[in-house]
Amino acid sequence: MSEFVPFPEVVPQPLKDRVVLITGAHGGLGAEAAKACARAGATVVLLGRRVPKLGRVYDALKALGPEPALYPMDLAGADPADMETLADTIERELGRLDGLLHCAADFAGLTPLENTPPEQFARQVQVNLNARWFLTQACLPLLHKAPDAAVVFVLDGPERVLRPYWGAYGITQAAGEALVRLLHAETDRSTVRVSGLQPGPMRTALRSRAFVDEAMLRVPGPEAYAGACVHLLSPAGAEQRGRIHVPAPASPAATATA
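Residue numbers for the sequence shown follow the numbering used here, beginning at 50 and rising by one.
Here it is as structure tokens:
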């Protein structure tokens, strides 16, 4: 009597055949989200300003899913024309865009507003708000061509950052939530879904600038929220359309297979 050998488990790929653009793709959450999206079947366009770090993420993605694409860009110095060039390049080279995940963020540390250098304030407003909108606006015509597209803004919780010394970073997080609400109201009858993702505290370089003495092992790594990024970019994310999604961190076992 022969022994029954079960078929190997098929890993679901909710982003199969989709193209997803991720900003801040070499950062904590950006890199983990990129890996999760690749595992989920997406062709990932990696956008960031640090080319060596982007290259390392690129190499990791090649072993996980479809061939990714690199697009080095410093959002602090980018203008709307640069964003339009990026959108045109994606359409020309990849033919489509199905998702845009905004992970890039700038935060220099806790500083009283009165003592914040104007150039630091301006940079944070540019990276955390202006560049996000300019890029979204440039990509919307291409996103509208997709049968189901998603724009996801990663935001920090207001209870954490709308407090003294968070400065321009806190201001832009509040503005980002307003942007999600307004853009959703204008696109709710289209094929483009807009939502926000508000992960909890996680071990990233950005958080370490605010909590220097924190015992970092008390909070999960960014991989705990990578699955939530995939969820919002996938068709299943329609349930969070127009909302700020506040997920619980995934367990280590779950993130190992995300």
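For each residue, glycine too, the CB sits at the ideal point set by N, CA and C.
### Task
Note down, in chain order, each residue of its chain lying with its Cβ closer than 7 Å to the Cβ of A287, except the 5 sequence neighbours on either side.
Numbered from its first residue, the sequence shown carries residue 287 at position 238. Contacts found: R242.
| said: Quick check on G97: buried or exposed, where buried means 16 or more other Cβ atoms within 10 Å of its Cβ? | reply: Translated into positions along the sequence shown, residue 97 becomes position 48. Looking at its Cβ environment, which holds 16 or more other Cβ atoms inside 10 Å, G97 is buried.
Output yes or no for whether 8 Å exceeds the beta carbon distance between L150 and V229. In the sequence shown, residue 150 corresponds to position 101, counting from 1. In the sequence shown, residue 229 corresponds to position 180, counting from 1. No, the Cβ-Cβ distance between L150 and V229 is not below 8 Å.
* Between L282 and A199, which are expected to be in contact by the criterion C-beta below 8 Å, what is the C-beta distance as a whole number of angstroms? -> The residue given as residue 282 occupies position 233 in the sequence shown. The residue given as residue 199 occupies position 150 in the sequence shown. Going by Cβ atoms, the distance from L282 to A199 rounds to 5 Å, so yes, they are a contact pair.
So Q62 packs on A89, CB below 8 Å; how close in whole Å?
Position 13 of the sequence shown, counting from 1, holds the residue named residue 62. Position 40 of the sequence shown, counting from 1, holds the residue named residue 89. That pair is a contact at about 5 Å.
message = Quick check on the burial criterion: 16 or more other C-beta atoms within 10 angstroms. Buried or exposed for K65?
response = By 1-based counting over the sequence shown, the position of residue 65 is 16. K65 should be labelled exposed.
Check whether the Cβ atoms of A277 and P248 lie closer than 8 Å to each other.
In the sequence shown, counting from the first residue as 1, residue 277 sits at position 228. In the sequence shown, counting from the first residue as 1, residue 248 sits at position 199. Yes; because the gap between Cβ atoms is below 8 Å, this pair is in contact.
### Task
Locate the beta strand (DSSP E) running through V69, then write down its first and last residues.
Residue mapping note: residue 69 aligns to position 20 of the sequence shown, counting from 1. Residues 68–72.
Buried or exposed for P167, going by 16 or more other Cβ atoms inside 10 Å? Numbered from its first residue, the sequence shown carries residue 167 at position 118. Exposed is the call here.
Next item on the list: Please work out which residues of its chain come closer than 6 Å, Cβ to Cβ, to T165, disregarding the five sequence neighbours upstream and downstream, and give them in chain order.
Entry: Position 116 of the sequence shown, counting from 1, holds the residue named residue 165. Setting aside the 5 residues that flank it on each side, T165 is surrounded in the same chain by G216, each with a C-beta closer than 6 Å to its C-beta; the list follows chain order.
Practice prompt. Assign A277 to one of three DSSP states: helix, strand, or coil.
Written response: Numbered from 1 along the sequence shown, position 228 holds the residue referred to as residue 277. Of the three classes helix, strand and coil, the one that applies to A277 here is helix, per DSSP.
What separation, rounded to the nearest whole angstrom, lies between the Cα atoms of E226 and A109?
Counting from 1 along the sequence shown, the entry for residue 226 is found at position 177. Counting from 1 along the sequence shown, the entry for residue 109 is found at position 60. Near 32 Å, if we compare the C-alpha coordinates of A109 and E226.
- Let me know the secondary structure DSSP gives P167 once reduced to three states. As a first step, residue 167 is located in the sequence shown; it is residue number 118 there, counting from the start. It is helical.
Exercise. Any idea if K84 is buried or exposed, counting beta-carbon neighbours within 10 angstroms, 16 or more meaning buried?
Worked result: In the sequence shown, the residue the question calls residue 84 occupies position 35. The residue is buried, with at least 16 neighbouring Cβ atoms inside 10 Å.
Check your understanding: Between the C-alpha atoms of K111 and P213, what's the straight-line distance to the nearest angstrom?
Key -> Taking the first residue of the sequence shown as 1, we reach residue 111 at position 62. Taking the first residue of the sequence shown as 1, we reach residue 213 at position 164. Roughly 43 Å between the two C-alpha positions.
Review point. I think Q289 touches S244, with their Cβ atoms under 8 Å apart; what is that distance to the nearest whole Å?
Key: For this step, residue 289 is matched to residue 240 along the sequence shown. For this step, residue 244 is matched to residue 195 along the sequence shown. The Cβ separation is near 5 Å, so the contact holds.
Enumerate in chain order the residues of its own chain whose CB-to-CB distance from A275 is below 6 Å, with the five nearest sequence positions on each side excluded.
Locating residue 275 in the sequence shown gives position 226, counting from the first residue. Only E81, A82, A85, A307 meet the Cβ criterion.
*Between C86 and the ligand PLP, is the CB less than 7 Å from at least one heavy atom?*
Summarising the ligand content, the structure contains no ligands, and the ligand PLP is consequently not present.
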